[in-house]
Ligand code: TEU
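Numbering (our numbering), first residue to last: 50 to 619.
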């Protein structure tokens, strides 16, 4: 077999440091907590971890507002703790990817504090996007761009003498001012930050909002400024019976002036060179870019740019066979065109956990969010489909990112009391959006322990629902048929069979209600049938097929029931 680079088929486990393991009992997860639990990840069988931000931050967006990119926030530990974590992971053969947030800093970053103290037009202000307001007295924002989190994308500053001053752009929260990437100082600073973390031994970077760094010249008004998510919402509408591929075609008519501008690619070409100059093993860049359609996304993973880009298509695809098939085939076509692997994702810290998402009414237009007034997901149905969906994802070629807790089948916490909600989305929309806290609840490790074993303390920063005890690691480890054991055995088999490096083609069992692909190894010596039945009738397997893994019980006759997936050798 060919000697493919490690990342092409890697399964990478996302750790949200606040919520994974708390070593000191303050109710917030930390780096020593992660280090102590690394053996769990080795036993799970993942290739790498991606850590959401752990840098110094006032935590107005859970650390995606960075005040110092070269230091660890005291709530998570110290640089020594980071070194110990990286070394400990490497000892177990687990690579470490860190999160880089280059679109914006925290408003408490030294640069931004200096910018506020400096005059309009100064070098200090030139690192961010400050502009005079419109209107007679500059009282209106410079353009009509909204914030992703709700409300306006601009905030007006107050001058030293107390008079109202310029406005600064923030595509996210007020506390997250956007950098001006046309300023070479910004580029130099981030090249240096990359080198800093490479020097500490990390294996790569997940790049936050990778499609947002460069804005359209002149910052023109956006033609259709209803919400920042318009284009993906439109794409998420269920296609009519006779137009299965529409989900891919409903890209924005004209590109929003803050997203996916040509200039971003220049930045990633420079970063690729920075990484390629580092000693081996190869370090990677993974784009978090909410860009559609797929051929636009694929431009981020051209050979001289990033290695991976999250494929978010499963997040806004309804649980319908034709949608899933279309997503899978288009993803391979788009990525094959640039020679990059597809990077599958079913859950992360920004979306409703897939064990709940897939239990929502699939005729709703927004399968990746739960609105405040929406019906609750069906937990049993959601878990059954989530196990099948994961089996589909992990059975297919490509790399895949897992989100902490999905290996336990954890559901979204949907009844979190509002006083606990921290996501700026909740606050900026005045509660119309409940926000993302429900997927960020601390992990249950031990059913009958304070904070379900999350840490030595009784409480955790977000309260765990009563139901979480039943999902705890100690309830599932070693239990045949548990979600945790299903993940472990899939990851072992995937690695042994090199499934991530195979090639997929549609199997003839794939019909209206069945998704069926054959994953053939590079030398075609072994063929795995990956099949999910989404229809009402149980599905018979081809003659001679030997089922090796199943996400649920087969019928007495060995047929695959509704919402169950199998892997079979054929
Ligand atoms: O998310 C980028 C982003 O655009 C998301 O807000 C996304 O549109 C939304 O969550 C979809 O439901 C990244 C981080 O992943 C997120 O946690 C941060 O809040 C955001 O950047 C700002 O740094």
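Note that the Cβ used here is the ideal one computed from N, Cα and C, for glycine as well.
Close Cβ partners of residue i (< 6 Å) along its chain, the five nearest in sequence each way excluded
i           : result
residue 505 : 74
residue 114 : 106, 155, 224 and 225
residue 508 : 76
residue 584 : 562
residue 250 : 135
residue 240 : 323
residue 612 : 433, 434 and 437
residue 118 : 104 and 242
Sub-9 Å separation of residue i and residue j beta-carbons
i           : j           : result
residue 144 : residue 97  : yes
residue 618 : residue 555 : no
residue 452 : residue 396 : yes
residue 217 : residue 180 : yes
residue 439 : residue 307 : no
residue 526 : residue 502 : no
residue 437 : residue 614 : yes
residue 393 : residue 442 : yes
residue 482 : residue 426 : no
residue 243 : residue 150 : no
residue 331 : residue 55  : yes
residue 187 : residue 205 : yes
residue 597 : residue 529 : no
Minimum C-alpha distance to residue i - residue among the options
i           : options               : result
residue 580 : 570, 595, 574 and 571 : 595
residue 353 : 320, 342, 384 and 375 : 320
residue 489 : 325, 363, 514 and 357 : 514
residue 432 : 509, 455 and 424      : 455
residue 377 : 564, 231 and 526      : 564
residue 567 : 525, 462, 512 and 444 : 444
residue 361 : 552, 335 and 371      : 335
residue 511 : 65, 426, 53 and 138   : 65
residue 388 : 370, 351 and 305      : 351
residue 405 : 88, 191, 346 and 487  : 487
residue 230 : 205, 578 and 259      : 259
residue 550 : 572, 102 and 86       : 572
residue 496 : 485, 271, 441 and 516 : 516
residue 533 : 459, 87 and 343       : 459
residue 384 : 398, 209, 355 and 412 : 355
residue 209 : 546, 163 and 446      : 163
residue 252 : 537, 147, 519 and 523 : 147
residue 592 : 238, 347 and 558      : 558
residue 552 : 467, 530, 244 and 391 : 391
residue 255 : 212, 349, 168 and 236 : 349
residue 245 : 128, 339, 184 and 214 : 128
residue 338 : 313, 332, 480 and 408 : 313
residue 270 : 304, 493, 104 and 589 : 304
residue 574 : 104, 158 and 548      : 548
residue 471 : 67, 61, 62 and 63     : 67
residue 70  : 124, 109 and 110      : 124
residue 357 : 345, 325, 578 and 333 : 333
Close-in-space but distant-in-sequence residues of the same chain around residue i (CB under 8 Å, 5 per side omitted)
i           : result
residue 130 : 79, 80, 81, 84 and 121
residue 268 : 178, 180, 191, 192, 194, 218 and 306
residue 410 : 424
residue 53  : 550
residue 89  : 522
Beta-carbon contacts of residue i that lie in its chain and below 7 Å, excluding the five residues immediately before and after
i           : result
residue 234 : 176
residue 310 : 263, 264 and 265
residue 59  : 96, 97 and 448
residue 290 : Because the pLDDT at residue 290 is just 35, under 50, the model does not fix this residue reliably, and the value given afterwards should be weighed accordingly. Here the set comprises nothing.
residue 699 : Residue 699 lies beyond the residue range present for the chain, which begins at 50 and ends at 619; the question has no answer from this structure.
residue 198 : 221, 222, 473, 474 and 477
residue 281 : Summary for residue 281: the model assigns pLDDT 44, below 50, so the residue's position carries little reliability, and this model does not support an answer.
residue 94  : 537, 540, 541 and 544
residue 157 : 107 and 116
residue 531 : 525
residue 87  : 137, 138, 141 and 143
residue 207 : 213 and 214
In chain order, which continuous runs of the alpha helix (DSSP H) of length 4 or greater are located wholly inside the segment 417 to 464?
-> 428 to 444
Counting only runs that start and end within the segment 355 to 386, where is the beta strand (DSSP E) found for 3 or more residues in a row?
-> 357 to 360
Quick one: which unbroken beta strand (DSSP E) runs of 3-plus residues sit fully inside the segment 302 to 336? Chain order, please.
-> 333 to 336
Mind listing, in chain order, the continuous alpha helix (DSSP H) runs of no fewer than 4 residues lying wholly within the segment 489 to 568?
-> 522 to 525 and 532 to 545
Considering only residues of the segment 566 to 595, which uninterrupted beta strand (DSSP E) runs meet the minimum length of 3 residues and lie entirely inside it, listed in chain order?
-> 576 to 582
Runs of beta strand (DSSP E) lying entirely within the segment 207 to 280, each at least 3 residues, in chain order | 213 to 218 and 253 to 256
Counting only runs of 3+ residues fully inside the segment 96 to 141, write out the beta strand (DSSP E) ranges in chain order.
-> 97 to 100 and 117 to 121
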